[in-house]
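Undergrad:
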Amino acid sequence: MAKGPTVEAWLAAQSPEIRRAVERLRAVALDAADGVTEHIKWNGPSFCIDGDDRITVGLAPKGGVRAILHRGVKVKDAAGFTFSDDSGLIQWAAPDRGVVAFADEAAIAAGAEAFADICRRWLEATR
-6 MAKGPTVEAW LAAQSPEIRR AVERLRAVAL DAADGVTEHI KWNGPSFCID GDDRITVGLA
54 PKGGVRAILH RGVKVKDAAG FTFSDDSGLI QWAAPDRGVV AFADEAAIAA GAEAFADICR
114 RWLEATR
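Numbering (our numbering) for the sequence shown: -6 to 120.
See below:
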């Protein structure tokens, strides 16, 4: 099996602005729980807990960066799964799949505390 790029190689291929924004989100995701690991999946840094992908960071289709909150590679039954978001940052694509988008570094700075809380709670809720 061919091995994909390292996180460092993926970051090196990005523009300086995108690299700085992604690195800020990476720092939050990596600090969200003990044992978080990272690799490149779905063309961006993906953060795993207990070996399962849970948060994937990448480029937003209309510019900026985004974090996809999910419950792993395979679709899981979402019956009974709930996750509250008092911050309003999450746009729900499905009951167990959310997107947090940031237009730029200023938006990341403004939402950093709420995003850190989301990451901590998401990793716990999906464990």
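A virtual CB, placed ideally from N, CA and C, is assigned to each residue, including glycine.
Once DSSP output is grouped into helix, strand and coil, what is the label at D110?
TA: Note: D110 maps to helix in three-state DSSP.
Undergrad: For A60, does the count of other Cβ atoms within 10 angstroms reach 16, so buried, or fall short, so exposed?
TA: Classification for A60: buried.
Undergrad: Nearest-angstrom Cα distance between E31 and G104?
TA: Near 22 Å, if we compare the C-alpha coordinates of G104 and E31.
Undergrad: DSSP on G57, reduced to helix/strand/coil?
TA: Reduced to three states, the DSSP call for G57 is coil.
Undergrad: Is the stretch 22 to 42 touching the stretch 7 to 14 in the sense that three or more CB pairs, one from each, lie closer than 8 Å?
TA: The stretch 7 to 14 is not in contact with the stretch 22 to 42.
Undergrad: Determine the extent of the beta strand (DSSP E) in which A86 is found, giving its start and end residues.
TA: I83 to A87 is the extent of the beta strand (DSSP E) around A86.
Undergrad: Might you give, ordered along the chain, the residues of its own chain that have their beta carbon closer than 8 Å to the beta carbon of T49, omitting 5 neighbours on each side?
TA: Taken in chain order, the residues that qualify are K34, W35, G37, P38, S39, F40, A60, I61 and H63.
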